[in-house]
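Below: the structure, in structure tokens.
Number of protein chains: 2
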Amino acid sequence: MSSFETPDPGNRRASSADVAALAKVSRATVSRCFSDGATVRSETRERVLQAARELGYEPNLLARMLNKQESSIVAVLTSDFTNPFQPALMEALTGRLRAAGLTPLLLKADSVFESADALIQLALSYRVAAIVVTVINASDRMISRCFEAKVPLIFLNRVAEDTPAISVCSNSRSGAFRIAEVLVEGGTTRIGMITGQLGSWTNSMRRGGFRQRLDELGYDVLGSAQGDFTYRGGYAAAVELMDTLPSLDAIYACNDAMAFGALDAVRTLRGHRVPENIAVVGFDDVPMAAWEAYRLTTIRQPVERMVEDTCSILLRPDRGLDLSRQVFLHDGSLIQRATTRPVELRDGEVDERAVSQVAPREM
Amino acid sequence: MSSFETPDPGNRRASSADVAALAKVSRATVSRCFSDGATVRSETRERVLQAARELGYEPNLLARMLNKQESSIVAVLTSDFTNPFQPALMEALTGRLRAAGLTPLLLKADSVFESADALIQLALSYRVAAIVVTVINASDRMISRCFEAKVPLIFLNRVAEDTPAISVCSNSRSGAFRIAEVLVEGGTTRIGMITGQLGSWTNSMRRGGFRQRLDELGYDVLGSAQGDFTYRGGYAAAVELMDTLPSLDAIYACNDAMAFGALDAVRTLRGHRVPENIAVVGFDDVPMAAWEAYRLTTIRQPVERMVEDTCSILLRPDRGLDLSRQVFLHDGSLIQRATTRPVELRDGEVDERAVSQVAPREM
DNA sequence: ATGTCATTGGAACACGTGTGCATCCAATGG
DNA sequence: CCATTGGATGCACACGTGTTCCAATGACAT
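Going line by line, the protein sequences match chains A and B.
With my numbering as the guide, the letters of the first sequence map in order to residues 23 to 385.
With my numbering as the guide, the letters of the second sequence map in order to residues 23 to 385.
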């Protein structure tokens, strides 16, 4: 219709200038049409949107972030997806971030032991709005740099002590308490323990809390073996425990994955009956814990609440920058299934002993 | 030492101008120091780097991407992390991307059935270098827009037929062929099948390929039930199959997750012996397939090769933009474990019947 | 002394956006 | 009829980087 010629769109994506030229308005007006709250006549707005549609224009978010000095990207640092609890966490986190208009940038370390420093550096270079760290460690030096740069850093599902950062985690200690009680109330008192890597906060809480409560109840951990939070580690540790202490009647694994390994060693390899001969209990409540082959009694981590907490901190006016060196804990809840002898439940705890495929929880 | 006053660093992150001022050089020289191949005296380079370190400066990647018109961000679209094959894929993909200097931006759909269009739109707004789609669908209209915008779009682990996009996937058909052969060679011929959702390419290949090869060998699928690629679905479908066809001696599940469900139904619920009474076979080779409780015979998807293929396409000079509407398939390999009767293996196939915890594969 | 070359500065432009400020126009009230 | 108001719009700057062109400087070889 109009004989107007755009100067030279070339092979470039359409910019707001192109839209402005086509709609015969200024570039500023185009910008106003795409940011709400601005004052623009409805007739011209329609003309601009039409032109934008025609040219396939959509605002360049990189330029917008550069200009507005605020990012809609959140760096999510992690390592190993092999831990079956990780997907659930990631699922909840990305969902919640998306609801807040934020998009996760995924930075993965090659190993759990690799420092997160390089990844944090990268995240800062992308000028992200925040950094969420799930499994790896970071140096105090680097954490401080984040806060100097006004980028909040939150440890999720992992408590970093004595660092100027926020931590959101499930209360491993109270969960371990409850597990000790369940074993004792069930009448199993010759107890072995399978731990994860030493040095991690989670491990020391799940280990120490269990020991403490058991001691308070008048019992003791007969022996412990070190796994590495993996199935194979749990399997090997269980074999080691049974060889050393033939009289064991319960095994507490600090992790569901290790509990599965222990169960297979106890049941399939040694032919013991569970829970009659030996009870087994884990920690996390990953999806497989509900599968018929395991039916594992465990502590469910309150993933939703942890994620909700994390995001709401980031969405505060101060974005959590005033909260440094603070720890938020959420209690998990006991899920009773078929690998322990039944005990009476408390509020919020779930009985899935009888469940088969009725009310099929997702997967 | 020097009485030089920086104009007003304020609370802002240091920019290249600040570094230039502190190092007493021009901004251009600073830029030269951070982009390699440029000619700069080693002494001044050192001075600049020192100043940068002092100010905690690192180049703003957003500004760089905006300027250079090339992105180091790749959008990775997915849905549901609950499928246990997803983490392995993600792990390999992020690792390979990182090696290429690319960072994944994670865009997750709420449901598998949700169209990817909105997410693709978002990815385009971020001006990503490429888009990798794993499970969800996209409209032809939106795919075309990607290629018009010179953004390559690759379907990974999913073949989208009749769309102007590239697909990289494992060869589900050849894998299904091999499974049919394994069952027949093992002497099991009264075979039931558990399928996933209808309509997906993967499902139709794993289903159709199996049917075809079985037919060529002179046999037929006695009956099939529909799961939904989940454990619960497989469990229910297996129950349905056994009720309908009591004489079954083998079950092929199009998915490991469904195979686990079927195994639990066959073994734990009905008390059958595997593989003596009923053989079970899956597809994917997720980590749990190697666990003692299952020891599942299955087809291992060549994740590494698929990911390598995907990334090398994106790193081609034309970034794969000339390859539209092309499909790259990679053959998987049989992993023989304890849920089928033993057959003779071919090249590249693996015998893990005897494996326990010797040579512990990761997890 | 002169040409050559490496090194650096200076200035400008581009990338694409948001926004404060000024301007313009129409409507309204006195 | 004029002053005022308020909404709609254009101008110019800023965000932080890479690049390019040109000039200047110094070192060095011939």
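From the three backbone atoms N, C-alpha and C, an ideal C-beta is built for every residue, glycine too.
Small disclaimer: the values here were computed from a predicted structure and weren't measured.
query                                                                                                                                                                                 : result
Assuming contact is defined by CB atoms lying nearer than 7 Å, are A/ALA138 and A/LEU99 in contact in what I supplied?                                                                : yes
Would you mind telling me which residues of chain B sit closer than 8 Å to A/SER147, beta carbon to beta carbon, in chain order?                                                      : GLU80, PRO81, ASN82, LEU83
I want to see whether chain A comes within less than 7 Å of B/LEU127, judged by CB atoms only; does it?                                                                               : yes
State the beta-bridge partners of A/SER189 as determined by DSSP.                                                                                                                     : A/PHE177, A/VAL349
Does the distance from the CB of A/LEU146 to the CB of A/ALA114 come in under 7 Å?                                                                                                    : no
Nearest to B/PHE232 by alpha carbon, out of B/CYS276, B/ARG212, B/GLY218, B/GLU262?                                                                                                   : B/CYS276
Kindly list the residues whose CB is nearer than 7 Å to the CB of A/ALA121, restricted to its own chain and excluding five residues on each side of it in sequence; keep chain order. : none
Tell me, please, whether the CB atom of B/PHE350 is closer than 7 Å to any CB atom in chain A?                                                                                        : no
Cα-Cα, which of A/ARG67, A/GLU262, A/LEU84 is closest to A/LEU291?                                                                                                                    : A/GLU262
Give a yes or no on whether the C-beta atoms belonging to B/ALA36 and B/LEU84 are separated by under 7 Å.                                                                             : no
Starting from the beta carbon of A/GLY117, find every residue of chain B whose beta carbon is closer than 8 Å, and list them in chain order.                                          : LYS130, ASP132
Since B/LEU12 contacts B/GLY214 with CB under 8 Å, what's their CB separation in whole angstroms?                                                                                     : The structure shown does not extend to residue 12 of chain B, since chain B is modelled only from 23 to 385, so the question has no answer here.
Measuring straight from C-alpha to C-alpha, what distance separates B/ASN299 and B/ASP271?                                                                                            : 6 Å
Is A/MET215 close to chain B, meaning its C-beta is less than 7 Å from at least one C-beta of that chain?                                                                             : no
I want to check one thing, is the minimum distance from the CB of A/MET264 to the heavy atoms of the ligand GTP below 6 Å?                                                            : Absence of the ligand GTP is noted for the structure shown, with no ligands found whatsoever.
Can you check whether the C-beta of A/PRO174 is within less than 7 Å of a C-beta belonging to chain B?                                                                                : no
DSSP beta-bridge partners for A/THR100?                                                                                                                                               : A/LYS130
Among all the DSSP beta bridges, which residues are the ones paired with A/ASN159?                                                                                                    : A/SER137
Please tell me whether A/LEU88 has its Cβ less than 7 Å away from any Cβ of chain B.                                                                                                  : yes
Could you give the distance in angstroms between the alpha-carbon of B/TYR316 and the alpha-carbon of B/PHE282?                                                                       : 7 Å
Kindly identify the DSSP beta-bridge partner or partners of B/ASP306.                                                                                                                 : B/ARG322
Closest to A/ARG327 by C-alpha separation, out of A/ASP373, A/LEU351, A/THR319, A/PHE305, would be which residue?                                                                     : A/LEU351
Got a sec? Which residues, its chain only, sit under 7 Å from B/GLY370 by beta carbon, not counting five neighbours each side?                                                        : SER355
According to DSSP, simplified to helix, strand and coil, what is B/GLY255?                                                                                                            : helix
Any chance the region 162-177 of chain A sits against the region 334-342 of chain A, with 3 or more Cβ pairs inside 8 Å?                                                              : yes
Mind checking B/PHE135: buried by the 16 CB within 10 Å criterion, or exposed?                                                                                                        : exposed
Report buried or exposed for A/MET385, applying the criterion of at least 16 other Cβ atoms within 10 angstroms of its Cβ.                                                            : Caution applies to A/MET385, whose pLDDT of 39 falls short of 50 and renders its modelled position unreliable; the value that the coordinates give is listed next. Per the 10 Å Cβ criterion, buried.
Should A/ALA42 be labelled buried (16 or more other beta-carbon atoms within 10 Å of its own) or exposed?                                                                             : buried
At least one CB of chain A closer than 7 Å to the CB of B/THR320: is that the case?                                                                                                   : no
Checking 7 Å against the spacing of the C-beta atoms, do B/ALA103 and A/MET112 come in under that value?                                                                              : According to the sequence displayed, residue 103 of chain B carries Phe and not Ala. Contact: yes.
Closer than 8 Å by beta-carbon distance: list the chain A residues that pair up with B/MET227, in chain order.                                                                        : Per Cβ cutoff of 8 Å: no residues; B/MET227 is ~23 Å from chain A at best.
For A/ARG347 and A/VAL157, I'd like the C-alpha separation in whole angstroms.                                                                                                        : 18 Å
For the beta strand (DSSP E) containing A/SER355, name the first residue and the last one.                                                                                            : 355-358
Quick one: which unbroken alpha helix (DSSP H) runs of 4-plus residues sit fully inside the region 217-300 of chain A? Chain order, please.                                           : 223-238, 253-266, 278-285
What number of angstroms, rounded off, separates the C-alpha of A/LEU285 from the C-alpha of A/GLY256?                                                                                : 9 Å
Name the chain B residues whose beta carbon is nearer than 8 Å to that of A/SER282?                                                                                                   : Note that residue 282 of chain A corresponds to Phe in the displayed sequence, not to Ser. Correct list: TRP313, ALA315.
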